[in-house]
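See below for the structure under consideration.
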Amino acid sequence: MGKESEIAGLVEQVCRICRKDKRWILFLPEDVARCADGLNRPKRSLQRGGAWIPLVGSLEERTAMPHRWTRWIIATLGCVALALNGCSLQCWRLYDCPDPPAYEEDLILKYAGRGLKIEDPERNVCEDDSFPSVPVSPDTAVSGEVKYKNLSLQEAVETALANSQVMKDLGGVLRSPAALATIYDPARTYTDGRFGEEAALSAFDASFGASAYFEQNDYGVNNVTVGQNGLFKQDYNNYEMSLQKKSVTGATFTLRNVTQYDNNNQEASFITNPFVFGQSWTNYAEAQWRQPLLQGAGVMYNRIAGPNGEPGFANGVLVARTRTDISLADFEIAVRNLVSDTENAYWDLYYAYRDLDAKVEARDNALRVWQNVQANAGQGRRTADQEGQAREQYYRFESEVINALHGRLTPRTQTNYGSNGGTFIQNGGVRVSERRLRVIMAVEINGQQLLRPDDDPPVAQVKFDWDAIALEAVARRPELRRQKWVIKQRELELIANKNFLKPQLDLVARYRLRGFGKDLWGYDQPQYDNAIQSMMDRDFQEYQMGVEFDMPIGFRRGHAAVRSSELALAREKAILREQENFIMYGLSNTYGEIERAHQVMEAQFNRREAAYAQQRAVEASHEAGFAPLDLLLEAQRRVIDANILFYQARVDYAQAIKNVHYEKGSLLEHNNIYMAEGPWPQKAYNDALQRDLNKRHALTNFVINDAVIGRPKKVDFSLEPSKKPYKSTPIFEGPAFPETSEADTTPENPLRQEKSETPSVQQASADNPLGAENSPPMVSEASNEQEIDFGGEEPGASAFWISR
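Now the structure itself:
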């Protein structure tokens, strides 16, 4: 039974897990033993697929068979094959074994639940495990007496920039966090271990290497002069240290020291020669220089592609710097969008408060009318249908007040919605708009005080010089600057790939000092007593000079890389032209939007005046018994519509001015925001000054290619129109800017017939007050010193200019 035990053990190891009825069943050792017992039954046969398959007999019968070892091997292989196939053949059925025991259902569910459980990552013990602070309830600010905190636009922008580590894209924080911009992105790009500037510079760092190998050789050869009668034994050690440095010209400098120890049984040599030892040390130091002459040569190539560049892949210092500049442009775009969204949220909240004020006023007026109608209905002077009509209008305004206070979760004004800077969306709701502003400012979501805008939208008419803002947009938009850096990167890659159209021709030089001795250090013999002293005495000197040449026939890979770089460069230039056209498109839209928004604001103000005048007249007529109730309720609805549309027009005008600065690339400067790099080490400034002085000295004698890829550019941002035709890039004619006369095609507005077109910000006259008799209502343009009182109070017939 010894052989059978071995077979059973083998089956137990291999056929441990089988599959039955789509479930994994674990075989116990006793189950496998019962399966293996079938081998001891004489003349057993197994049934499979309706046919009987004879098996090997018992152990006693097999011992009487000839070639018993062959039969035993066949039986072993058969059992292994059955075990390996157990999952598909169901091995317990082949051996006519009883069904394996069923496990407890609770045990199965326990292990299944443990394996399918969703786990949380194990956090570092040094991290703060405290839960994030839970904000106060949203009802805290409105429970009891409501407290307000006046907030200016400048304070909102400053708070948002000071608190924002992530440039928020509302909704994108949870939806696509990997696409969000943060304050860490430029530094991450600079310090990237694969494509950053420091990683590219590391290719030129010196590298130190060391190795030690220990060998024991023992072999025989058909030569009696080797070893002892052809049997050679050797202890061999090899120690090596090297220092390697790659230069910016492509050269490779190597310093290497090699120490070798050899102890063998080569007796024939050292018996006859006293300077041949059974054990010996060899030490040599060498200096090697390899300089590419064609492919891989030159400062420009190594700064672009690096010393390890390949066709189609450049990762040098200059390319890494362009990546850093691209990331800086992306960061500036993200900051600009954050400022734009902060201003959008600020004016949304301003409109929400004004919308609430208008609807509260309308609701209170409707309540007063309803109460009067209800009192008159009790005296029989009003009918029930009039009372119901007045009550319906009250509750209509009441529901609008509730919506204006709390707000509905609908889209709000945001960047790249409608226009690049954001088109105002008329969705009120003080609570929702206030929470959105808090999120953008990165302050507590639900505060003890409600934020309330302290600034009003501008009302003075602003006129931009078209030629000036068009030139400014092309010169200052960060999207164009980013694309120009991408073009510069493609140009550098093209230069590097053209280098691979040259064959490889390297100049190689090497000088070596050798030392030999019985010991590495020692003084037993006067000559060759130690290897180090022999090397220092320069007993053995070697040198080598030569060239290495390698050239692929046809340069297939190099031509493909050059062609790919040319196509990539053409693509980026085409994208730049389209970006310039779209910038002109967006700038033209915002230029016209300012004019439209200001004219609409004037018209809505006059409509508001007329609506209030109509309401007062209808109220007086209704109290005298002449005007019906329907006319009074309609007058109230007209007043609330005029109020809401007027404040919407004011916000539209503020957004239009902001969008012009957005389109022409001056939004950050308009909000007194400037970007600058942090301080560098003092040595960096000293090195930059020294290179600049050397460059000036060189430029006085001849022109050099200093591999400079970017310089500060002086741009004239004055409002004087350019005297020369503008060209955005040297490769194509710039987009045709429409003249100011073509852009301003609106017909003459009778409400603006007395204003002057000469100054860019026009003055207004206060001689003709609004609402004067025998004069139509008119709003003139105000300067920064004279503004219209667009407050929330009801304007009367004596509305006039207020000088501040």
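For the sequence shown, counting from 1, position 737 maps to 737 in the UniProt record's numbering; every step adds exactly one. Even glycine gets a Cβ: it sits at the ideal position worked out from N, Cα and C.
Check residue i in the structure and name its three-state DSSP category.
i	result
residue 509	strand
residue 675	coil
residue 242	strand
residue 544	strand
residue 310	strand
residue 190	helix
residue 457	coil
residue 551	coil
residue 615	helix
residue 290	strand
residue 184	coil
residue 344	helix
residue 444	coil
residue 485	helix
residue 472	helix
residue 604	helix
residue 592	helix
residue 624	coil
residue 207	strand
residue 683	helix
residue 409	coil
residue 390	helix
residue 424	coil
Please return the same chain residues whose Cβ sits closer than 8 angstroms to the Cβ of residue i, not counting the five positions on each side in sequence.
i	result
residue 215	234, 235, 236, 237, 238
residue 607	642, 645, 646
residue 406	429, 430, 431, 432
Is it true that the CB of residue j sits closer than 8 angstroms to the CB of residue i?
i	j	result
residue 308	residue 200	no
residue 489	residue 322	yes
residue 412	residue 425	yes
residue 434	residue 349	yes
residue 222	residue 241	no
residue 191	residue 198	yes
residue 584	residue 649	no
residue 299	residue 252	no
residue 549	residue 503	yes
residue 656	residue 597	yes
residue 519	residue 281	yes
residue 244	residue 207	yes
residue 375	residue 384	no
residue 450	residue 184	no
residue 586	residue 677	no
Let me check you understand the geometry: is the CB of residue i closer than 7 angstroms to at least one non-hydrogen atom of the ligand COA?
i	result
residue 666	Among the components modelled here there is no ligand, and therefore nothing to report on the ligand COA.
Skipping 5 residues on each side, what residues in its chain have a beta carbon closer than 6 angstroms to that of residue i?
i	result
residue 360	401
residue 492	304, 318, 319
residue 328	186
residue 231	220
residue 604	645, 646, 649
residue 209	242
residue 335	none
residue 262	236, 280
Could you tell me how far apart the beta carbons of residue i and residue j are, in whole angstroms, since I believe they sit closer than 8 angstroms?
i	j	result
residue 390	residue 369	5 angstroms
residue 478	residue 665	7 angstroms
residue 138	residue 446	5 angstroms
residue 366	residue 393	5 angstroms
residue 169	residue 180	6 angstroms
residue 554	residue 500	With a Cβ gap of about 12 angstroms, residue 554 and residue 500 do not count as contacting.
Excluding the five sequence neighbours on either side, which residues of its own chain have a C-beta within less than 7 angstroms of the C-beta of residue i, listed in chain order?
i	result
residue 332	478, 675
residue 614	635, 638
residue 482	326, 329, 330
residue 346	153, 156, 437, 453
residue 654	347, 457, 458
residue 568	490
Is there a Cβ of chain B sitting closer than 8 angstroms to that of residue i, yes or no?
i	result
residue 484	In the structure shown, chain B cannot be found, because there is only a single protein chain.
Do the stretch 624-638 and the stretch 437-451 touch if we need at least three Cβ pairs shorter than 8 angstroms? no
Does the stretch 494-510 touch the stretch 571-584, meaning 3 or more C-beta pairs lie closer than 8 angstroms? The answer is no - the stretch 494-510 does not touch the stretch 571-584, with fewer than three Cβ pairs under 8 angstroms.
Between the stretch 654-673 and the stretch 326-346, do at least 3 Cβ pairs fall closer than 8 angstroms? yes
Report yes or no: do three or more beta-carbon pairs, one from the stretch 415-424 and one from the stretch 585-602, lie closer than 8 angstroms? Yes: at least three Cβ pairs fall under 8 angstroms.
Can we say the stretch 493-502 touches the stretch 292-306, given the rule of at least three CB pairs closer than 8 angstroms? yes
Say whether the stretch 464-477 touches the stretch 561-572, bearing in mind that this needs 3 or more beta-carbon pairs closer than 8 angstroms, one atom from each stretch. no
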